[in-house]
Amino acid sequence: MRPDIRAVLTGSSLIVLFLFLYRGVTFIKQEKSMSIVDQNEAVEELSLDENQPDKVVVMAKTKSEDTDWVGIHLPDWQHAIYHMDEPKAKLHVPKNKGREAMAYLTYLIDHYNNLPSTIAFIHSHEKGFPAAWHTDAYGYDNVRSLNMLKIDHVQQTGYTSLRCIEEPGCPNEIQPFRAGKDEGLRHSETTMIDAWTQMFGKHSQIPDVIAATCCSQFAVSKAQVLQRPRDDYIRFRKWLLDTKVDDATSGRVMEYLWHIFFGKEPVQ
């Protein structure tokens, strides 16, 4: 073979080899980058993979709240973490109103046809007092609370509070028709009348007393969620979206309705 032809072929081979190696390195970098992104997003975004655990943790978070602990300490749960104040996040609420209730209802509406068997709704605080005072597991620890949760009990009862201590909330926290109540302190009772009518219909009887353990941390079964049509959860959320009361009041109203939504008597 002539030397000039051999040189051309050798040069061409080197170029092809260089391009092959370059593309390979680039592909590996892209795969690694995608893997890192997927790991970060897995904490926030519910996976629809049927091989994922048949239970999910649902919570609301704001920009200032660190929820990395969920992915680290609850790897055997799926995670659906809704951003309250980041509308471009993959999981976000339609409006930052009603505190955690907006996230909880949005999850039920968005995933009504694809629910795991067990859904746990909790706050974004991992542990410690006073931030997680509403968690009564040792150390005010949400991870410990979920690790102690008896899934069979949730499936049998349909709904269970994650708080065992009865106060605040019981035995008679919300009394919509309480005489002589201080409107400033008991605004949620007055608001409950409007909320109940909007959610359950004007012909539905409003209970004299509504009570349950406080703080909107609970677990439900898929079967119990499906006892109501999806339109019910849309209507409940619509009240949150439309109400003129402040978030503290609307969130408190919802706090004492969850057990009723999921089939329990007004006094739990």
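In terms of the working numbering, the sequence shown is numbered consecutively and its last residue is 905.
In this text, a Cβ means the ideal position worked out from N, Cα and C, and glycines have one as well.
C-beta atoms of residue i and residue j nearer than 7 angstroms
{"i": "Gly795", "j": "Gln861", "result": "yes"}
{"i": "Phe873", "j": "Ser798", "result": "no"}
{"i": "Ile718", "j": "Met739", "result": "no"}
{"i": "Arg800", "j": "Cys852", "result": "yes"}
Spatial distance of residue i from residue j (CA atoms)
{"i": "Ser887", "j": "Ala757", "result": "21 angstroms"}
{"i": "Leu728", "j": "His710", "result": "21 angstroms"}
{"i": "Asp713", "j": "Leu786", "result": "13 angstroms"}
{"i": "Glu737", "j": "Thr827", "result": "21 angstroms"}
{"i": "Pro903", "j": "Tyr893", "result": "9 angstroms"}
{"i": "Trp876", "j": "Tyr741", "result": "14 angstroms"}
{"i": "Ile788", "j": "Thr755", "result": "7 angstroms"}
{"i": "Gln905", "j": "Ala849", "result": "5 angstroms"}
{"i": "Pro844", "j": "Met829", "result": "10 angstroms"}
{"i": "His824", "j": "Glu810", "result": "12 angstroms"}
{"i": "Ala885", "j": "Lys698", "result": "16 angstroms"}
{"i": "Arg815", "j": "Trp706", "result": "42 angstroms"}
{"i": "Arg781", "j": "Pro813", "result": "35 angstroms"}
{"i": "His896", "j": "Lys725", "result": "32 angstroms"}
{"i": "Thr704", "j": "Asn733", "result": "18 angstroms"}
{"i": "Ile847", "j": "His790", "result": "23 angstroms"}
{"i": "Ala832", "j": "Arg865", "result": "18 angstroms"}
{"i": "Asn784", "j": "Gly735", "result": "28 angstroms"}
{"i": "Asp869", "j": "Glu723", "result": "26 angstroms"}
{"i": "Met891", "j": "Phe898", "result": "10 angstroms"}
{"i": "Gly708", "j": "Asn750", "result": "24 angstroms"}
{"i": "Leu878", "j": "Glu702", "result": "23 angstroms"}
From the options, residue whose alpha carbon lies closest to that of residue i
{"i": "Lys692", "options": "Lys859, Ile811 and Arg889", "result": "Lys859"}
{"i": "Leu752", "options": "Arg867, Leu877 and Val890", "result": "Arg867"}
{"i": "Asp778", "options": "His760, Asp879 and Met721", "result": "His760"}
{"i": "Gln792", "options": "Leu863, Gln835, Thr743 and Lys734", "result": "Leu863"}
{"i": "Gly900", "options": "Arg781, Ile746, Val857 and Thr704", "result": "Val857"}
{"i": "Ile871", "options": "Gly708, Gly735, Ile897 and Ile746", "result": "Ile746"}
{"i": "Met721", "options": "Thr743, Gln715 and Gly708", "result": "Thr743"}
{"i": "Thr880", "options": "Asn784, Gln835, His748 and Leu783", "result": "Gln835"}
{"i": "Val694", "options": "Gln715, Glu702 and Gly708", "result": "Gln715"}
Extent of the continuous beta strand (DSSP E) to which residue i belongs
{"i": "Thr794", "result": "Unbroken run through Thr794 is the alpha helix (DSSP H), Ile788 to Thr794; no beta strand (DSSP E)."}
{"i": "Gln864", "result": "Neither: Gln864 is in no beta strand (DSSP E) and is coded neither H nor E."}
{"i": "Ser858", "result": "Phe855 to Ser858"}
{"i": "Ile756", "result": "Thr755 to Phe758"}
{"i": "Ile718", "result": "Gln715 to His720"}
{"i": "Val695", "result": "Lys692 to Lys698"}
With 16 other Cβ atoms within 10 Å as the buried cut-off, status of residue i
{"i": "Pro731", "result": "exposed"}
{"i": "Lys700", "result": "exposed"}
{"i": "Pro808", "result": "exposed"}
{"i": "Gln842", "result": "exposed"}
{"i": "Gly838", "result": "exposed"}
{"i": "His762", "result": "buried"}
{"i": "His840", "result": "exposed"}
{"i": "Leu646", "result": "Residue placement at Leu646 is poorly supported in this model, since its pLDDT is 39, which falls under 50; the coordinates are not used for a value here."}
Delimiting residues of the alpha helix (DSSP H) encompassing residue i
{"i": "Thr828", "result": "His824 to Phe837"}
{"i": "Thr946", "result": "Residue 946 lies beyond the stretch modelled for the chain, which goes from 638 to 905, so this question has no answer here."}
{"i": "Ala740", "result": "Glu737 to Asp747"}
{"i": "Val780", "result": "Asn779 to Met785"}
{"i": "Gly708", "result": "Asp705 to His710"}
{"i": "Ile897", "result": "Trp895 to Phe898"}
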